[in-house]
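In terms of full-length UniProt numbering, the sequence shown opens at residue 1 and continues consecutively.
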Amino acid sequence: MDEEQEIVPSSQLDDSAIILAISYSAGYLGAAVYDQGRTTIKLLRDVAEDHEFRLLTALIQQEEPTTILSNKAQDVRMVSFICVLCGEDPPPDDVYVEHSSDLGTTGVTHSAGSLAASGEISSHSDDLTAQSVTGESKDKEEEQPVEDGDEEDIEDDDFDPEPKPPTLIFLPNNAYNYESGFKRISELFAGECFSESENQLVTRFRIDISSRNMVRAMGALLRYLDSARIGVEFEPLNVRTPVTAIKSIVVAEMVEIDEATYRALDIFAENKKAERNYRHGVARHRCAVSLFSLCNRCKSGIGRNTLRKWFERPTTNQDILVSRQQAISYFLQDCNLDTTGKIYGLLGSMRSMRYILDRLRSGTAKVRHWESLYKMLSNAVSIGRYMETFSTKLSLVDDDRECFGDTLTETAAVLGAMIDFHESRLENRIVVNSGVDPELDRAKDLYRRLPAILTQVAQDESKRLQADTCSVAYVPMIGYLLAIPYDFDVKQFDDLQVIYSTDKTLNVKSERMRELDEELGDVKMKIIDKETTITIRMSSLLLSRSSLLLGVERVACLLDAAISLALTARQLGWNRPKFVEEPIIDATRVVHPLSKLITEHFVANPISSGGEYTRIKIFTGPNACGKSMYLKQVGLLVFLAHIGSFVPAEVAHIGIVNRIFSRLYTVDSVLDGMSTFANDLNQVSVALRRGNERSLVIIDEFGKGTMTEVGLPLLSSTLSYWAAKGKDSCPHVFVSSHFHALPNFITDEHEIVSYHTMEVRCRGAELDFQYRLVDGVVDLSYAAYTASKMGIPQDVGDRANQVYEHILKGHGIGDMVIDSEEERKNRWLAKQMLEIWPQVEEWDIDSDLHCLLDHLQGALFEADEMIESDSADHTENEHPDGATSEETSNLPASEQESEKLESENEDSDQEVRHTFEESTPTLPSALRSREKKSDRSNLSVSFAVDIIRNEHTVEAKGLNATTDSDLEQPESFQRLVIADTDSEVTVDRDRDHSQAVTCSTEIMKQKDVESGSLSQNDFLPSKRSLSDDFSKEVIVRKRSRSF
1 MDEEQEIVPS
11 SQLDDSAIIL
21 AISYSAGYLG
31 AAVYDQGRTT
41 IKLLRDVAED
51 HEFRLLTALI
61 QQEEPTTILS
71 NKAQDVRMVS
81 FICVLCGEDP
91 PPDDVYVEHS
101 SDLGTTGVTH
111 SAGSLAASGE
121 ISSHSDDLTA
131 QSVTGESKDK
141 EEEQPVEDGD
151 EEDIEDDDFD
161 PEPKPPTLIF
171 LPNNAYNYES
181 GFKRISELFA
191 GECFSESENQ
201 LVTRFRIDIS
211 SRNMVRAMGA
221 LLRYLDSARI
231 GVEFEPLNVR
241 TPVTAIKSIV
251 VAEMVEIDEA
261 TYRALDIFAE
271 NKKAERNYRH
281 GVARHRCAVS
291 LFSLCNRCKS
301 GIGRNTLRKW
311 FERPTTNQDI
321 LVSRQQAISY
331 FLQDCNLDTT
341 GKIYGLLGSM
351 RSMRYILDRL
361 RSGTAKVRHW
371 ESLYKMLSNA
381 VSIGRYMETF
391 STKLSLVDDD
401 RECFGDTLTE
411 TAAVLGAMID
421 FHESRLENRI
431 VVNSGVDPEL
441 DRAKDLYRRL
451 PAILTQVAQD
461 ESKRLQADTC
471 SVAYVPMIGY
481 LLAIPYDFDV
491 KQFDDLQVIY
501 STDKTLNVKS
511 ERMRELDEEL
521 GDVKMKIIDK
531 ETTITIRMSS
541 LLLSRSSLLL
551 GVERVACLLD
561 AAISLALTAR
571 QLGWNRPKFV
581 EEPIIDATRV
591 VHPLSKLITE
601 HFVANPISSG
611 GEYTRIKIFT
621 GPNACGKSMY
631 LKQVGLLVFL
641 AHIGSFVPAE
651 VAHIGIVNRI
661 FSRLYTVDSV
671 LDGMSTFAND
681 LNQVSVALRR
691 GNERSLVIID
701 EFGKGTMTEV
711 GLPLLSSTLS
721 YWAAKGKDSC
731 PHVFVSSHFH
741 ALPNFITDEH
751 EIVSYHTMEV
761 RCRGAELDFQ
771 YRLVDGVVDL
781 SYAAYTASKM
791 GIPQDVGDRA
801 NQVYEHILKG
811 HGIGDMVIDS
821 EEERKNRWLA
831 KQMLEIWPQV
841 EEWDIDSDLH
851 CLLDHLQGAL
861 FEADEMIESD
871 SADHTENEHP
881 DGATSEETSN
891 LPASEQESEK
901 LESENEDSDQ
911 EVRHTFEEST
921 PTLPSALRSR
931 EKKSDRSNLS
941 VSFAVDIIRN
951 EHTVEAKGLN
961 ATTDSDLEQP
971 ESFQRLVIAD
981 TDSEVTVDRD
991 RDHSQAVTCS
1001 TEIMKQKDVE
1011 SGSLSQNDFL
1021 PSKRSLSDDF
1031 SKEVIVRKRS
1041 RSF
């Protein structure tokens, strides 16, 4: 590390080079590995790492890299740890990191001999500063030439060379920038995309961008490959290192669980601060409730952190799981409750030993740190004594049990004997007890007698100088001074020297003061210096025993976490699961762990998969019947078993599960650029690629984010793919769906698919959810019922049921017909209008407008009567005989007279109408007859026809008469107005016209026929003249009809 070395060129690397890039921050480790022989990149998503870097050690042992890339600005302890793994001396303790104002540059400052200066290499696109540290440098320096005579013959079979340590290269901070790393990763997929937005989407679909350390490590790895030209040293500069595949890494026998599954199963709360304040079922916020908060009953912060790491890193190592179960079982037994309670109380004083040791090492430890350390060691000694009384040897703490020996007792005794914590709190520094150092005791005794000594000296000096007042004081850096009155004549005494004066006193140095400086000196500083020396010696002693102290901390953490889970199991009635070799999940009376926070009467259900049971479980049933809850309790049962906890089941036999996949929770974000359905597909695709016989897959309503015609085939094909693997290779699959046709599309050759539902009883119009698992298939979701219970209006639910029944019969949604009186009227009118439209389009309105109106009136009257006849069954009892007279009585006087005239001439009117309809049978109408009142509450289109005269109206009794003035008014005949409104259309009319009498045009026609002035042919459009219409002094009131 004392030499400046550059990155090893790719030409000097063999074809089996494996390059590991790591990024560590905020307690999480992310990594990326490039295998040159296979041209693949393997990614480790962010995983919680402890200060001992056990996960990093397992990663290096598993991947066996030839080169390790790290960041200069990362944690100093991690840098030291990597240096040791690479066979180099760790940097000294005074290494610190400097962040410059430029985010792209980071410097590392060292003391002499710590880390070598960084060398620089340049590439076509990036300039990276790197520092190479090899384990071969010292060996080459110390290597001596071997003489031929001294060379021994060694057989190849006996020669077993030690593996070379990996080369360690430090990259600058800008190489680990997240944004630039993501941009470089997206370039891997640019060739298969047509636009930048598509490229961003594909990158987010294939790479978990929420693992920020992993993205940083992968970006740094790719930039290093570009700079070092790995594998493309003889290619043009625009050719980059080939990457043919991207895979995932699972390290240290961990169970693979993604972030979405953690959220879906409510393992951790979204609000960590609220979760930290959660206490045993009492939460101020719903976001604080989680499985971890339910199980977290730890007394110390270090115990809580350990328990959280158990939750973050579930393991498949049965030895670890059994050791945790053994400890929980011991603390759960009634005979050990007293010991458990005492140990549990002692754990409350435990703090981070590593933090205190760092304080001692840097010399910044305060009194509270020393006091906490002493309490920890004293309680640790007591815990060790209780551990000696254990009737069962706990393998969980067996590795560090030797730390609780005489050395720990001696260390605690030394701290208690040497430090006076009461005086230390008063002095705000470490005060050493009496009897530790004789010289220190003499100095303290002198310091206690110092006031009396100085008083006696002041009295002696006062007598000698014959001064009225005299006092002695000590001033740092000056020594002892004699204070005398300001008017004292100091010239009378040769030994007096004025040092400084005030308004009232003179501070002088006498011969006696000089003697005190020699004899006593600064007593207080002597005491402080002596106590500081003793404190440093105690710090050195503690640092020399740091491994013992850290072992004590580990035991305290493990005991706190185990007792916490034991208390949870006792309160909630959980039981110990049994691990088996077969890939099965078999448990009885399983409940959701968080169910106690909801209800005291949670219905327990069995869980069985694998072995003699089917591997694929498909759940159907009504909404809110408990399907999703059941799926989550399956995942939580397996999860709790793989952190070593007891499980909420009566009996449980579980085979080791290596991965838990889910499609339960979709994390939507505008920043990721992916739709909800794309996120769902991403989760299922990972399960399809990586799932095996020891994996658990939980899918809740996959395919609901798209059309049924697409979602159903996707889900059925996915399940058929797993079913085709057979019983020995198919994962444990639990699926809920509302696709009731799903069983018809699944291929189950190996008979490993079964169908289940939750029992529901119908009690009249109500559903009684039993939440009990039964076999079978349900083809109804009762969504409208659930919607009504959630506050959806009943009309909406009824309409939903109508649409559902229509679709269930095989009809399209476009064929749906609304069955109401208004819609029936609209359909009839639309049909009639379509039939007469060709004739209306060809009609000569300018010359024959009045006849057109008559035809429209007759046709629409006819249609209106047919519409009313359809609903006669509904309204025949609503208008009894005499209703017409009652209705007429409410009309104005003029309208009552008109109604009376129409009634008197009804017979003749019907006869003429019959003749008219025979001549024009296909014309429609939109106006209603006078005896039928229009319902104007729901009008969309209104037809208004007004036939108006300027001044003359015809009296009811003079309908048969015609005057010459009637034929002289053609300019103000009539106007047709069509308005798209519910209000009546106002036509230009005088106030006098409002009282005009309305009569039937057909009556006038009949009178003309009887008098001989008109023939039957005059009713035809081709023979009717406009002048004939002027003889009819008629005003037609406005009518309206809705479509």
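Beta carbons are placed, not taken as given, at the ideal position from N, Cα and C, and that holds for glycine.
Query raised in the report: Does the pairing of the stretch 403-415 with the stretch 344-361 give three or more beta-carbon distances under 8 Å?
Result: At 8 Å Cβ cutoff, the stretches do not touch.
Query - I419, buried or exposed, once every other Cβ within 10 Å from all chains shown has been counted against 16 - result: By the 10 Å Cβ count, I419 comes out buried.
Requested in this report: Return the CA-CA distance between H850 and W828, expressed in angstroms with no decimal places.
Outcome: When only Cα atoms are considered, H850 and W828 end up about 25 Å apart.
Query raised in the report: Is the stretch 18-27 touching the stretch 219-227 in the sense that three or more CB pairs, one from each, lie closer than 8 Å?
Result: These segments touch.
**Report entry** For P236, the three-state DSSP class (helix, strand or coil)
**Finding:** Reduced to three states, the DSSP call for P236 is coil.
Requested in this report: Could you say which of Y804, S788 and R772 lies nearest to D779 if we only look at CA atoms?
Outcome: Among Y804, S788 and R772, the Cα nearest to that of D779 is on Y804.
Query raised in the report: Where does K578 sit, in a helix, a strand or coil, going by DSSP?
Result: Here K578 sits in strand by DSSP.
Query raised in the report: How many angstroms separate the CA atom of T40 from the CA atom of T241?
Result: Using only the alpha carbons, I get a separation of about 10 Å.
Requested in this report: Sort R54, L307 and T66 by Cα distance to M78 and report the nearest one.
Outcome: Per the Cα distances, R54.
Query raised in the report: If you count every other CB in all the chains shown that lies within 10 Å of the CB of H422, and 16 or more means buried, which is it?
Result: Exposed, since its Cβ has fewer than 16 Cβ neighbours within 10 Å.
Query raised in the report: Mind checking P713: buried by the 16 CB within 10 Å criterion, or exposed?
Result: The residue in question, P713, is exposed, as its Cβ has fewer than 16 Cβ neighbours within 10 Å.
Query raised in the report: Going by DSSP, which residues form a beta bridge with E766?
Result: For E766, which the question treats as bridged, DSSP gives the partners R763.
Query - For Q326, the nearest candidate out of G791, I643 and L696 (CA to CA) - result: Considering only alpha carbons, the answer is I643.
Requested in this report: Following the continuous beta strand (DSSP E) through Q497, name the residue where it begins and the one where it ends.
Outcome: Annotation for Q497: the continuous beta strand (DSSP E) segment containing it runs Q497 to S501.
Report task. Identify the continuous alpha helix (DSSP H) that holds T469 and give its terminal residues. Result -> Per DSSP, T469 lies in no alpha helix (DSSP H) segment and is marked neither H nor E.
Report task. Could you say if the stretch 698-713 and the stretch 679-687 meet the contact criterion of at least three C-beta pairs nearer than 8 Å? Result -> By the criterion of at least three beta-carbon pairs nearer than 8 Å, the stretch 698-713 is in contact with the stretch 679-687.
Query - Short Cβ contact (7 Å threshold) for Y486 with K504 - result: Y486 places its beta carbon less than 7 Å from that of K504.
**Report entry** CA-to-CA distance, A483 to T502, given in whole angstroms
**Finding:** So the two alpha carbons sit approximately 10 Å from each other.
**Report entry** Test item: CB-CB of L360 and L542 under 7 Å
**Finding:** Less than 7 Å divides the Cβ of L360 from the Cβ of L542.
Query raised in the report: Where does R545 sit, in a helix, a strand or coil, going by DSSP?
Result: It is coil, neither helix nor strand.
Query - Exposure of Q74, with buried meaning 16 or more beta-carbon neighbours within 10 Å - result: Classification for Q74: buried.
Query - Straight-line gap, L294 to L594 (C-alpha atoms, nearest Å) - result: Straight-line measurement puts the Cα of L594 at about 8 Å from the Cα of L294.
Query raised in the report: Cα-Cα, which of D846, L637, W310 and G797 is closest to G655?
Result: With distances taken between CA atoms, G655 lies nearest to L637 out of D846, L637, W310 and G797.
Query raised in the report: So what's M78 in DSSP terms, helix, strand or just coil?
Result: Of the three classes helix, strand and coil, the one that applies to M78 here is helix, per DSSP.
Query raised in the report: Does the distance from the CB of R45 to the CB of M214 come in under 7 Å?
Result: Cβ atoms of R45 and M214: closer than 7 Å.
Query - Candidates H51, G37 and D35, of which the one nearest L29 by Cα - result: Per the Cα distances, H51.
Report task. Helix, strand or coil for R772, going by three-state DSSP, please let me know. Result -> DSSP places R772 in strand when its eight states are reduced to three.
Requested in this report: Take the Cβ of G711 as the centre, count every other Cβ of all protein chains shown within 10 Å, and call the residue buried at 16 or more, exposed below.
Outcome: Answer is buried; the Cβ neighbour count reaches 16.
Requested in this report: Go to P451, then tell me how far its alpha helix (DSSP H) extends in each direction, as first and last residue.
Outcome: In the DSSP assignment, P451 falls within the alpha helix (DSSP H) that extends over P438 to L465.
Query - alpha helix (DSSP H) segment containing L307, residue limits - result: Residues G301 to E312.
Query raised in the report: What are the start and end residues of the beta strand (DSSP E) that includes K617?
Result: Start and end: I616 to T620.
**Report entry** Range covered by the alpha helix (DSSP H) that runs through P838
**Finding:** According to the DSSP assignment, P838 belongs to the alpha helix (DSSP H) that extends over E821 to E842.
Query raised in the report: Looking at the structure shown, is T953 part of a helix, part of a strand, or coil, going by DSSP?
Result: Low local confidence applies: a pLDDT of 38 at T953 is under 50, so the model's placement there is unreliable, and no value is given.
Query raised in the report: Given a threshold of 16 other Cβ atoms within 10 Å of its Cβ, counted over all protein chains shown, does P172 qualify as buried or as exposed?
Result: With 16 or more other CB atoms across the displayed protein chains lying within 10 angstroms of its CB, P172 is buried.
Query raised in the report: Who are the Cβ neighbours of L373 in its own chain at under 6 Å, not counting the five residues just before and after it?
Result: By the criterion of a C-beta distance shorter than 6 Å, L373 is surrounded in its chain by I356, once the five residues flanking it on both sides are discounted.
**Report entry** Start-to-end residues for the alpha helix (DSSP H) that takes in I795
**Finding:** Per the sequence presented here, residue 795 reads as Asp, with Ile not at that position. Segment Q794 to L808, the alpha helix (DSSP H) holding D795.
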